[in-house]
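Heads up: the structure comes next, in structure tokens.
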Amino acid sequence: MIVMIMSGWKIYNDEVIFGFLHFPDAITLGVWAQHALQWHFFGMWILMLNGLVYLGYGLFSGRFRRMLLPVSPRSIIRDVVAALTFKLDHSDITHYNAVQKAMYIGVILIIIVQVVSGLAIWKPVQFSTLVWLFYDFQGARLAHFIGMALIVGFVIVHVALALLVPKTILAMLTGGPRRSSTSTHL
Amino acid sequence: MLLRPKTVSRFRPTATPDASILAEHRSVVREINRRGILRGSLTLGALPLLTGCNVSDRDAVQSVLRSVSAFNDAVQAWLFDPNKLARTYDASLVVRPPRFNAYYEIEDVRPIDITSWKLELSGLIAEKAPWTIDQLYAFPEQEIIIKHICVEGWEYIGQWSGPNLRQFLTRVGADMRAKYVVFHGNDDYMESIDMASALHPQTILATKYAGEPIGDPYGYPIRLRTAVKLGYKNPKWLRAIEVTNTYSGGFWEDQGFNWFAGM
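Note that the protein sequences, when read in sequence, are chains A and B.
Each residue of the first sequence is one higher than the last, beginning at 1 in my numbering.
Each residue of the second sequence is one higher than the last, beginning at 187 in my numbering.
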């Protein structure tokens, strides 16, 4: 994902959408645009393979249903208030709170849309139906840019919050503690 | 025709649109070996620590990335539907004049002297006699109003007319089973495209823009216009066309851009 974002910034610089916005070379990937394109279309395969395995596992193992649902607007508001008053409970990290659930569902959907807009930009003739979904080619470019911005925003918040609750970081890498039978049925 | 019996891999598509292109890239695909991928992944992992360094210009990384790009050529050839037409537009949307683009500025364009110009033909073509501009103007004309999309991301709608490339290649007796059609521009710009794209109904040798002969900065007297490739695959100021089975790359490809560049 970092490869896609950093090389994408370089590609964007060649024909900017917003006149005021250029990404500094220090945070882009690739010497020239063609190298950034090489990285982008290399990272594409890694993202696709990871994405398919992740979505396939999440859907078929029931993990998505178990971890991400149910989520209601009321529970989100409750947990946002709890978070802002520092009362959010982090004692059981095998259980996502409602804000986490909403954010994770959101970012998964954004990445899926990001792949769709990327395919539309890559093959505007062969996949002309996908271009139509975004109105036209420039619409697909804009959607791809906005998707990037949302993902970057998610990554920043996600990393910052994980650093605030350090015990989650080890759990993310190792798979975490076993779920207790009571915590799954809250 | 399949390259190998179907039983070899469950992941091999049942029908390949252009097996010759897959065969052409087979050696490169084979180069994407475990060690190459590992080396690439290691470099990837080190990236966050090396933001100040340009890792991508190192030879080893370039070779992995170019192998993946060649693999992507094969994937694009497989995705290419020879009957899928690009969207066309109303004449009222045509941008005049067309947008100038080249690897140099518009002041440096060297206009072609039409009195001494002829379109040369070479390679796997039966009738190699060069064509004058009057002969080309006399050839049945096809008009397409299509988008020109640049790899950078900009685009414009243009109205192009001239001989359909498939009809032209048929007329001069080109070997349609050959893999590539190569175009040489007067500005030392060279481009090659796959035969399937060359034979697409929306690939023409454009002599006119918006009904008038193409202006000097935009490729006079003749240029390639295909609706199924990015902008840089449409060379201008043509002086020679060659039909061949030898891969010849192209001006931007030699600098690392993707060769197939199909839309």
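We put the CB at the ideal spot given by N, CA and C, even for glycine.
Being a predicted model, the structure only gives us computed values, none of them experimental.
Inter-stretch contact (C-beta, 8 Å, three-pair minimum) for the segment 329-336 of chain B and the segment 371-385 of chain B:
no
Have a look at TYR366 (chain B) and GLN441 (chain B) and give me their C-alpha separation to the nearest angstrom.
Counted from its first residue, the second sequence places residue 366 (chain B) at position 180. Counted from its first residue, the second sequence places residue 441 (chain B) at position 255. Going from the Cα of TYR366 (chain B) to the Cα of GLN441 (chain B) covers about 20 Å.
Run down chain B in chain order and give the residues with a C-beta less than 7 Å from the C-beta of ASP79 (chain A).
For this step, residue 79 (chain A) is matched to residue 79 along the first sequence. Those do not exist, as ASP79 (chain A) stays about 31 Å from chain B at its closest Cβ, beyond 7 Å.
Leaving out five residues before and five after HIS386 (chain B) in sequence, what residues of the same chain have Cβ atoms less than 7 Å from its Cβ?
Numbered from its first residue, the second sequence carries residue 386 (chain B) at position 200. So the list reads PRO268, THR412, VAL414, once near-sequence residues are dropped.
Just confirm the distance between the C-beta atoms of GLN353 (chain B) and ILE331 (chain B), as a whole number of angstroms; I'd bet it's less than 8 Å.
Within the second sequence, residue 353 (chain B) is the residue found at index 167, counting from 1. Within the second sequence, residue 331 (chain B) is the residue found at index 145, counting from 1. That belief does not hold up - the Cβ atoms of GLN353 (chain B) and ILE331 (chain B) are roughly 19 Å apart, past 8 Å.
I think LEU29 (chain A) touches TRP39 (chain A), with their Cβ atoms under 8 Å apart; what is that distance to the nearest whole Å?
The sequence position of residue 29 (chain A) within the first sequence is 29, counting from 1. The sequence position of residue 39 (chain A) within the first sequence is 39, counting from 1. That belief holds up - the Cβ atoms of LEU29 (chain A) and TRP39 (chain A) are roughly 5 Å apart, short of 8 Å.
Any chain B beta carbon closer than 8 Å to VAL115 (chain A):
Here residue 115 (chain A) corresponds to residue number 115 of the first sequence, with the count starting at 1. No, its Cβ sits nowhere closer than 8 Å to a Cβ of chain B.
Taking DSSP as the reference, what is the three-state secondary structure of GLY106 (chain A)?
To locate residue 106 (chain A), count along the first sequence from 1; it is residue 106. In this structure, GLY106 (chain A) counts as helix in the three-state DSSP scheme.
Just the Cα atoms here: how many angstroms apart are ALA382 (chain B) and HIS90 (chain A)?
As a working mapping, residue 382 (chain B) is identified with position 196 in the second sequence. As a working mapping, residue 90 (chain A) is identified with position 90 in the first sequence. Roughly 59 Å between the two C-alpha positions.
Would you mind giving the Cβ-Cβ distance between ALA272 (chain B) and VAL125 (chain A), rounded to the nearest angstrom? I have them listed as a contact below 8 Å.
If you number the second sequence from 1, residue 272 (chain B) lands on position 86. If you number the first sequence from 1, residue 125 (chain A) lands on position 125. Correct: roughly 4 Å between the Cβ atoms.
Residues that LEU251 (chain B) contacts on chain A, provided the C-beta gap is smaller than 8 Å
The residue you call residue 251 (chain B) lines up with position 65 of the second sequence. Ordered by position in chain A, the residues that pass the 8 Å Cβ test against LEU251 (chain B) are HIS35, GLN38, TRP39, PHE42.
What is the residue span of the alpha helix (DSSP H) that ALA312 (chain B) lies within?
Within the second sequence, residue 312 (chain B) is the residue found at index 126, counting from 1. Element bounds for ALA312 (chain B): n/a, residue is neither H nor E.
If we cut at 8 Å on Cβ distances, does SER255 (chain B) have a partner in chain A?
Numbered from its first residue, the second sequence carries residue 255 (chain B) at position 69. Judged by the 8 Å Cβ criterion, SER255 (chain B) is in contact with chain A.
Bounding residues of the alpha helix (DSSP H) (the contiguous stretch that carries LYS10 (chain A)):
Along the first sequence, one-based indexing puts residue 10 (chain A) at 10. According to the DSSP assignment, LYS10 (chain A) belongs to the alpha helix (DSSP H) that extends over 2-14.
Considering only C-alpha positions, which residue in the set B:VAL250, B:TYR342, B:TYR323 is nearest to PRO399 (chain B)?
To locate residue 399 (chain B), count along the second sequence from 1; it is residue 213. Cα-wise, what sits closest to PRO399 (chain B) is B:TYR323.
Under the three-state reduction of DSSP, which class applies to HIS40 (chain A): helix, strand or coil?
As a first step, residue 40 (chain A) is located in the first sequence; it is residue number 40 there, counting from the start. DSSP places HIS40 (chain A) in helix when its eight states are reduced to three.
For TRP317 (chain B), which residues from the same chain have a beta carbon less than 7 Å from its beta carbon, with the 5 sequence-adjacent residues on both sides left out?
The count along the second sequence starts at 1 and reaches residue 317 (chain B) at position 131. So the list reads LYS304, LEU305, once near-sequence residues are dropped.
For ALA396 (chain B), name the three-state secondary structure that DSSP assigns.
Taking the first residue of the second sequence as position 1, residue 396 (chain B) is located at position 210. If DSSP states are grouped into helix, strand and coil, ALA396 (chain B) belongs with coil.
Does the separation of the CB atoms of VAL99 (chain A) and GLY147 (chain A) fall below 8 Å?
On the first sequence, position 99 is the one that residue 99 (chain A) refers to. On the first sequence, position 147 is the one that residue 147 (chain A) refers to. The answer is no: Cβ separation not under 8 Å.
Give the DSSP-derived three-state secondary structure of GLY51 (chain A) in the structure shown.
Your numbering for residue 51 (chain A) matches position 51 in the first sequence. DSSP places GLY51 (chain A) in helix when its eight states are reduced to three.
In three-state DSSP terms, what is ILE292 (chain B)?
Locating residue 292 (chain B) in the second sequence gives position 106, where the first residue counts as 1. Note: ILE292 (chain B) maps to helix in three-state DSSP.
Would you list the residues sitting across from SER347 (chain B) in a DSSP beta bridge?
Position 161 of the second sequence, counting from 1, holds the residue named residue 347 (chain B). Partner(s): B:GLU329, B:LYS394.
Buried or exposed (CB count within 10 angstroms, at least 16 for buried), MET172 (chain A):
If you number the first sequence from 1, residue 172 (chain A) lands on position 172. That one is exposed.
With 7 Å as the C-beta to C-beta threshold (strictly closer), list the residues of the segment 114-136 of chain A near chain B in chain order.
LYS123, PRO124, VAL125, GLN126, SER128
Roughly how many angstroms lie between the CA atoms of SER117 (chain A) and PHE127 (chain A), to the nearest whole one?
Walking along the first sequence from the start, residue 117 (chain A) turns up at place 117. Walking along the first sequence from the start, residue 127 (chain A) turns up at place 127. Approximately 10 Å, taken between the alpha carbons.
For the segment 141-152 of chain A, which residues have a beta carbon sitting closer than 9 Å to at least one beta carbon of chain B?
Identification of residues in the segment 141-152 of chain A having a C-beta nearer than 9 Å to some C-beta of chain B yields ARG141, given in sequence order.
Express the C-alpha separation of VAL159 (chain A) and LEU170 (chain A) in angstroms, rounding to a whole number.
To locate residue 170 (chain A), count along the first sequence from 1; it is residue 170. To locate residue 159 (chain A), count along the first sequence from 1; it is residue 159. Going by the C-alpha atoms only, they are around 13 Å apart.
Helix, strand or coil: how does DSSP classify ALA426 (chain B) here?
Within the second sequence, numbered from 1, the residue matching residue 426 (chain B) stands at position 240. ALA426 (chain B) falls in the strand class under three-state DSSP.
Short CB-CB distance (under 8 Å) between ASP14 (chain A) and chain B:
Walking along the first sequence from the start, residue 14 (chain A) turns up at place 14. It does: the Cβ of ASP14 (chain A) has a partner Cβ on chain B nearer than 8 Å.
Where VAL71 (chain A) and ALA102 (chain A) are concerned, what is the direct C-alpha to C-alpha distance, given to the nearest angstrom?
Taking the first sequence and counting its residues from 1, one reaches residue 71 (chain A) at position 71. Taking the first sequence and counting its residues from 1, one reaches residue 102 (chain A) at position 102. The straight-line gap from Cα to Cα measures roughly 7 Å.
Hey, would you say THR393 (chain B) sits closer than 8 Å to ILE379 (chain B), going by beta carbons?
Numbered from 1 along the second sequence, position 207 holds the residue referred to as residue 393 (chain B). Numbered from 1 along the second sequence, position 193 holds the residue referred to as residue 379 (chain B). No, the pair does not count as a contact, with Cβ atoms beyond the cut-off.
Give a yes or no on whether the minimum CB-CB distance between PRO234 (chain B) and chain A is below 8 Å.
Against the second sequence, residue 234 (chain B) aligns to sequence position 48. Its pLDDT being 48, under 50, PRO234 (chain B) is placed unreliably by the model, and the measurement read from it follows with that caveat. With 8 Å as the cut-off, PRO234 (chain B) counts as an interface residue toward chain A.
Label ASN420 (chain B) either buried or exposed according to how many other C-beta atoms from any shown protein chain fall within 10 Å of its C-beta, with 16 as the threshold for buried.
On the second sequence, residue 420 (chain B) is found 234 positions in, with the first residue counted as 1. Classification of ASN420 (chain B): buried, given that the 10 Å Cβ count is 16 or more.
Considering just the uninterrupted stretch of the alpha helix (DSSP H) at GLY359 (chain B), what are its terminal residues?
Along the second sequence, one-based indexing puts residue 359 (chain B) at 173. Element bounds for GLY359 (chain B): n/a, residue is neither H nor E.
Using three-state DSSP, classify ILE17 (chain A) as helix, strand or coil.
Position 17 of the first sequence holds residue 17 (chain A). Reduced to three states, the DSSP call for ILE17 (chain A) is coil.
Of the residues B:THR356, B:GLY417, B:PHE286, B:SER255, which one's Cα is nearest the Cα of ASP402 (chain B)?
For the purposes of this step, residue 402 (chain B) is taken as residue 216 along the second sequence, with counting starting at 1. Out of B:THR356, B:GLY417, B:PHE286, B:SER255, B:PHE286 has the C-alpha closest to the C-alpha of ASP402 (chain B).
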